[in-house]
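Residue numbers (our numbering): 4 to 315.
Ideal Cβ placement from N, Cα and C applies to all residues, glycine included.
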């Protein structure tokens with residue numbers, strides 16, 4: 004009797020092997036889908052994400068929504084502190100410019116400074132936190148004492164002192180906020196690093212001859228990144244508040260319009276005493292909305308990535 008014929012040409016073909024990179028990509032994709040599904044269960048986080056998406060879209064489309072000519076004082080067509088009307092839905096400032104136009108373009112500056120400052124803060128905080136938690140001896144103690152020193156100093160006071168020394172520009176404001184606000188992130192990442200350093204897979208890596216750089220970049224950093232990402236959204240809110248405060252105190256870029264500079268200009272012209280509430284309330288509400296949205300998203304992400312909060 005002859006052997007039965009096999010159906011199809013793939014019967015004798017060897018099974019296709021999956022490379023480690025493909026396996027890692029599949030795991031990351033599955034983790035992202037799982038985290039997104041869990042994030043959607045947090046209604047407050049979803050609301051905050053939708054509001055942030057709308058504000059970011061308005062900031063990116065500012066040239067199409069409100070032409071940049073509306074920012075020029077010489078081309079202003081409105082009256083001085085004119086109340087809201089059909090032509091100017093949110094009124095005008097002391098130069099006759101539309102408050103709505105200033106708000107739309109101010110969103111660009113406030114978000115840009117907040118995001119750049121947060122990136123600087125996250126990079127410094129993550130590096131210091133990993134090194135102070137992973138290394139031993141006097142380097143770790145020195146980095147930890149430096150972190151404690153920055154935690155003890157009042158963040159806003161230190162930012163004001165440094166900002167008053169540097170030239171006034173958007174990058175310098177972002178640099179000041181980032182350099183003075185990394186200590187909290189460093190302390191969080193240090194505690195995570197100390198926990199990861201004692202796990203079995205890191206002991207196996209050391210037994211196989213892995214160096215410190217390999218352990219930090221291949222094992223410690225990927226495991227602390229979820230906490231870094233969750234903490235980033237919370238830090239953006241703090242950075243935007245700091246930018247608003249520095250601009251309100253006159254330490255921001257005088258050539259750029261931000262929500263903080265709008266509040267500072269409204270204070271200078273006495274908008275509250277003259278009853279021009281439309282000059283103060285809109286930028287204040289914008290700052291409050293963005294900070295609250297980032298906080299809601301950050302709290303949802305922190306609950307997803309923090310195992311202790313998951314158990315609660």
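Which of the three DSSP states, helix, strand or coil, is assigned to residue i?
i	result
residue 150	helix
residue 13	Residue confidence for residue 13 is low, a pLDDT of 49 falling below 50, so the modelled location carries little weight; the figure read from the coordinates is stated next. The answer is coil: DSSP assigns residue 13 none of H, G, I, E or B.
residue 196	helix
residue 124	helix
residue 104	helix
residue 258	coil
residue 95	strand
residue 171	coil
residue 137	helix
residue 157	coil
residue 70	coil
residue 246	helix
residue 80	coil
residue 114	helix
residue 179	helix
residue 272	coil
residue 252	coil
residue 214	coil
residue 64	coil
residue 5	Unreliable placement is indicated for residue 5, whose pLDDT of 49 sits below 50; no coordinate value is reported for it.
Alpha helix (DSSP H) containing residue i: first to last residue?
i	result
residue 306	284–308
residue 185	It is not in any alpha helix (DSSP H) - residue 185 carries neither H nor E in the DSSP assignment.
residue 20	Counting along the chain, residue 20 falls outside any alpha helix (DSSP H), and DSSP gives it neither H nor E.
residue 207	203–210
residue 222	Looking at the DSSP string, residue 222 is not in any alpha helix (DSSP H), and its letter there is neither H nor E.
residue 86	Counting along the chain, residue 86 falls outside any alpha helix (DSSP H), and DSSP gives it neither H nor E.
residue 281	Segment: none, residue 281 is in no alpha helix (DSSP H) and carries neither H nor E.
Count the other CB atoms within 10 Å of the CB of residue i; is the residue buried (16 or more) or exposed (fewer)?
i	result
residue 198	exposed
residue 136	buried
residue 39	exposed
residue 228	exposed
residue 271	exposed
residue 108	buried
residue 55	buried
residue 46	exposed
residue 183	buried
residue 124	buried
residue 113	buried
residue 230	buried
residue 216	exposed
residue 32	exposed
residue 64	exposed
residue 303	buried
residue 70	exposed
residue 290	buried
residue 26	exposed
residue 128	buried
residue 275	exposed
residue 181	buried
residue 257	exposed
Can you check DSSP and say which residues form a bridge with residue i?
i	result
residue 44	Answer is none; residue 44 lacks a bridge partner.
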